[in-house]
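Chains as they are written, first to last, in the UniProt record's numbering: chain E, 1 to 485; chain W, 1 to 446.
What follows is the structure in structure tokens.
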């Protein structure tokens with residue numbers, strides 16, 4: 001039974017439970033709702049919740065665990081000779097693809113179990129038919145893999161059947177349990193409300209679970225990586241040269257250098273422009289100018305980064321190459337650190353400006369008035385009173401922008417190039433941590449190889465970097481707030 | 001100012017500004033100018049960005065077509081005469097290609113156009129490689145057409161299309177192995193004779209992606225559908241979870257170190273780079289749970305996780321804006337805490353929550369980095385089925401389609417990518433406009 005149908009059945013049962021529970025409560029007091037402890041619908045809700053929630057939880061948990069269970073069971077049944085020559089992951093991938101292909105064949109041609117088993121007689125013919133439904137196999141099909149695929153399908157089907165039965169049993173159990181408890185003196189409202197509080201707490205834990213998931217996946221896979229690749233090489237080598245056949249140099253430094261260089265250029269563009277724009281808009285501009293210019297600048301923050309990436313690739317890159325890099329003899333590549341940095345700087349202007357704007361506005365007017373009273377001009381007030389007072393907040397804003405710049409992906413993927421090198425020429429193509437995460441994880445290399453797993457170590461590095469910057473920014477901003485409130 | 005006593009020693013006249021006042025005023029003017037320049041640079045960048053995208057991309061909505069009358073010969077297309085599509089499928093696109101070739105040569109002769117000594121293959125080179133396949137699909141869909149003479153609009157190849165849009169000139173054709181100046185001259189003669197026309201092409205929005213060699217036939221259909229599926233998942237999951245979390249944290253949670261930890265957590269999640277979410281999705285959903293690659297369900301789940309912090313922050317602000325007197329009044333007439341929240345506070349906060357949700361969805365719609373990692377860069381030609389099965393089938397998304405097109409060699413794909421960006425920006429604009437209208441319309445001042 002499909003998951004969607006099962007969900008519908010459970011919800012239908014729960015809806016019936018709502019009506020029955022309400023009815024049962026009302027009939028127990030002969031329709032006089034005043035004799036009930038709670039409003040009649042609360043009795044209905046109690047049955048609804050006890051029917052639907054545990055059953056759906058069982059279903060979701062089962063769906064989470066089923067693939068893992070299936071995988072281990074089938075892997076154990078594979079003959080040792082099969083897993084000796086190539087890795088278990090690859091064999092299992094073949095098994096899974098064959099099983100999927102068989103599913104398609106069954107759906108398309110209406111084969112029964114015996115007909116599927118009979119396919120084993122002529123494996124080359126099966127291979128051709130698989131290619132017909134879009135599942136191509138490079139080498140000849142192995143009988144062991146075919147048997148594993150059949151077992152995979154059977155076990156998968158029986159596990160799904162067991163899930164259906166388990167979920168339905170839990171739903172029916174909850175239904176009966178809650179319905180039996182319906183009684184005029186039952187404190188149904190308190191019960192339902194407590195149930196809802198538990199649900200609310202559970203959903204707020206999803207955020208915690210996400211963080212946990214991020215850290216766990218990064219750390220576990222990085223650990224796998226460091227088991228097959230020396231950590232000292234990764235952290236101290238200055239060469240990045242991945243090879244498909246192994247023996248790669250996977251040094252972190254060229255990537256970190258590229259990241260820092262691009263982010264630095266972006267901040268050199270964004271910080272002064274954003275800060276001056278914030279000062280102008282909050283101190284000088286008339287309300288009318290402010291009301292139009294501020295939202296317009298904020299559009300820049302709402303534009304997706306892929307748009308900036310295309311802008312860098314198609315417009316800014318060629319312009320910089322033809323007008324600056326080639327005449328100056330600094331390079332002839334349209335993707336360069338300068339291209340990516342410049343475009344990223346444009347993207348970061350509104351981050352700096354709107355954060356700084358808030359902070360400048362938070363400086364008490366009395367301080368400005370005091371400065372004017374001493375005869376200072378507006379710019380002197382800004383430079384010597386407002387900015388020093390707002391400095392911690394502005395530093396926080398710039399740090400937040402820096403953390404954005406380091407984590408930005410699409411602009412550098414499309415604008416900075418893919419060559420990992422340590423160079424100071426801003427018109428040369430360099431690469432960043434995020435670019436390499438994308439390229440190592442979208443390639444065709446085997447998942448368990450160091451060339452793929454290195455992406456997780458890079459991700460962990462990136463995560464630590466941005467988290468550090470964010471925490472630092474937060475600490476600085478908090479300190480500032482304590483002074484002025 | 002600090003050293004004013006030294007300079008102010010000898011005031012000359014109150015009517016004539018001394019040099020120090022003048023320099024201070026000049027500094028003031030300069031500072032003001034820097035501010036204006038900063039705002040100006042920002043706005044200029046915006047204008048430059050938008051004009052560059054619009055300028056590159058508007059052409060994608062127009063396409064050059066070659067109009068040929070084609071006689072669908074029964075002897076070629078349906079030898080059995082049964083009009084059974086299953087039998088007719090045996091005629092491949094090569095058969096249709098010959099038909100198209102004969103038709104275009106006949107038409108050129110009929111119009112008296114000088115073919116400049118082009119060979120048949122070069123004349124066919126004016127048409128997209130997609131043209132015979134198009135014709136085949138049309139005939140298979142309606143076998144009754146066989147035997148008739150139909151007006152067939154074939155896509156012109158991307159170079160001819162570029163010539164009529166000004167991207168390709170006779171000079172660039174000299175150096176181009178895919179087109180020759182003679183071919184362009186014939187194309188120009190055909191346009192003069194009314195055989196070639198450049199017009200609005202809605203297939204750009206509805207067709208699916210096409211291979212590297214036929215940019216003229218590539219469309220956004222699968223990408224738009226894939227994005228729509230993902231937005232559906234994001235909406236269905238993140239709105240309830242986000243609202244539930246916010247209600248708990250804002251209305252019910254005691255102040256202790258656990259709830260404090262949850263709050264810090266959410267603030268940090270909002271600042272995690274999007275690519276890290278992609279890594280999470282790859283490790284958790286695809287490798288651990290075994291969900292299929294490039295499926296909208298995986299994309300929807302990862303975008304949900306990314307959108308949750310945005311929605312939670314917006315919802316908490318909306319809940320906070322409902323004055324306590326509403327809660328007190330509800331409690332005063334005997335409502336329970338839950339009833340006061342669900343019957344009174346939540347409905348009043350709804351406009352704010354919806355605004356925040358739409359803005360969160362708009363962010364999610366433009367996100368591409370995590371989708372690259374879960375395999376959405378794959379070439380997808382077939383439309384996914386209707387949900388729920390369609391959610392598990394391969395699809396792509398608007399921003400990823402843009403990225404994919406920029407990675408291809410033919411410059412016509414850059415035009416397509418910019419066109420796709422225009423579509424994406426229009427969606428974002430609509431969503432933001434709806435959010436602003438909602439806010440204006442239902443915003444309450446207490």
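Beta carbons are placed, not taken as given, at the ideal position from N, Cα and C, and that holds for glycine. Source: prediction; values computed, not measured.
Who are the Cβ neighbours of residue i in its own chain at under 7 Å, not counting the five residues just before and after it?
i: residue 193/W; result: 111, 113
i: residue 128/W; result: 154, 155, 156, 157, 214, 216, 217
i: residue 162/W; result: 168, 412
i: residue 1/W; result: Its pLDDT being 47, under 50, residue 1/W is placed unreliably in this model, and the coordinates cannot settle the point.
i: residue 99/E; result: 149, 152, 153
i: residue 262/W; result: 249
i: residue 58/E; result: 166, 167, 170
i: residue 4/W; result: Confidence is the limiting factor: at residue 4/W the pLDDT is only 49, short of 50, which leaves the residue's position unreliable and the question unanswerable from this model.
For residue i, collect the residues of the same chain with a Cβ closer than 8 Å to its Cβ; drop the 5 residues on either side in sequence, then sort them by chain order.
i: residue 122/W; result: 180, 182, 183
i: residue 485/E; result: Annotation note: pLDDT 48 at residue 485/E (below 50); position unreliable, coordinate value reported separately. Nothing meets the Cβ criterion.
i: residue 207/E; result: none
i: residue 19/W; result: none
i: residue 149/W; result: 69, 70, 71, 72
i: residue 361/W; result: 231, 234, 235, 307, 431
i: residue 439/W; result: 351, 352, 355
i: residue 339/W; result: 330
Who are the neighbours of residue i on chain E, taking C-beta pairs under 7 Å?
i: residue 24/W; result: 377
i: residue 248/W; result: 200, 201, 204
i: residue 399/W; result: 304, 306
i: residue 265/W; result: 207, 208, 211
In chain E, which residues lie less than 9 Å from residue i when you measure between Cβ atoms?
i: residue 180/W; result: Neighbours of residue 180/W on chain E: none; closest Cβ ~26 Å, over 9 Å.
Thinking C-beta only, is residue j closer than 8 Å to residue i?
i: residue 285/W; j: residue 301/W; result: yes
i: residue 52/W; j: residue 315/E; result: yes
i: residue 304/W; j: residue 237/W; result: yes
i: residue 179/E; j: residue 24/E; result: yes
i: residue 52/E; j: residue 10/E; result: yes
i: residue 459/E; j: residue 218/E; result: yes
i: residue 466/E; j: residue 407/E; result: yes
i: residue 175/E; j: residue 26/E; result: no
i: residue 313/E; j: residue 406/W; result: yes
i: residue 240/E; j: residue 251/E; result: yes
i: residue 336/E; j: residue 417/E; result: yes
i: residue 414/W; j: residue 396/W; result: no
i: residue 348/E; j: residue 278/E; result: no
Give me whichever residues DSSP pairs with residue i in a beta bridge.
i: residue 240/E; result: 250/E
i: residue 155/W; result: 65/W
i: residue 71/W; result: 149/W
i: residue 221/E; result: None, per the DSSP bridge assignment.
i: residue 482/W; result: Chain W is shown only over 1 to 446; residue 482/W falls outside these bounds and no answer can be derived.
i: residue 127/W; result: 156/W
Between residue i and the rest of its own chain, which residues show a CB-CB distance below 6 Å, the 5 nearest in sequence each way excluded?
i: residue 265/E; result: 341
Show which residues of chain W have a CB atom less than 7 Å away from the CB atom of residue i.
i: residue 4/E; result: 388
i: residue 217/E; result: 279, 280, 283, 284
i: residue 197/E; result: 252
Which residues of chain W have a Cβ atom closer than 9 Å to the Cβ of residue i, listed in chain order?
i: residue 349/E; result: 38, 41, 42, 45
i: residue 193/E; result: 336, 337, 338, 339
i: residue 67/E; result: 288, 289, 290, 291
Taking Cβ-Cβ distances shorter than 8 Å, what residues in chain E pair up with residue i?
i: residue 403/W; result: 306, 309, 410, 413, 414
i: residue 430/W; result: Here the premise fails: no neighbours, minimum Cβ distance about 13 Å.
Looking at residue i and the ligand GDP, is the gap between the Cβ and the nearest heavy atom below 7 Å?
i: residue 215/W; result: Among the ligands in the structure shown, none appear at all, so the ligand GDP cannot be discussed.
To be precise: take each residue of the segment 468 to 479 of chain E, compare its Cβ to all Cβ atoms of chain W, and keep it if any distance is under 7 Å. Which residues remain?
470
Could you run through the segment 297 to 317 of chain E and flag, in chain order, every residue whose CB is less than 8 Å away from some CB of chain W?
297, 299, 300, 302, 303, 304, 305, 306, 307, 308, 309, 310, 311, 313, 314, 315
Residues of the segment 273 to 285 of chain E with Cβ closer than 9 Å to any Cβ of chain W, in chain order:
273, 274, 275, 276, 277, 278, 279, 280, 281, 283, 284, 285
Chain W contacts made by the segment 401 to 421 of chain E, where a contact means CB separation under 7 Å:
Those residues of the segment 401 to 421 of chain E that come within reach of chain W (Cβ to Cβ, closer than 7 Å) are 403, 407, 409, 410, 414.
Could you name the residues of the segment 439 to 459 of chain E whose beta carbon sits closer than 8 Å to any beta carbon of chain W, in the order they occur along the chain?
441, 442, 447, 455, 456, 459
Along the segment 335 to 365 of chain E, what residues have a CB closer than 7 Å to any CB found in chain W?
Listed by position, the residues of the segment 335 to 365 of chain E near chain W (Cβ gap below 7 Å) are 346, 349.
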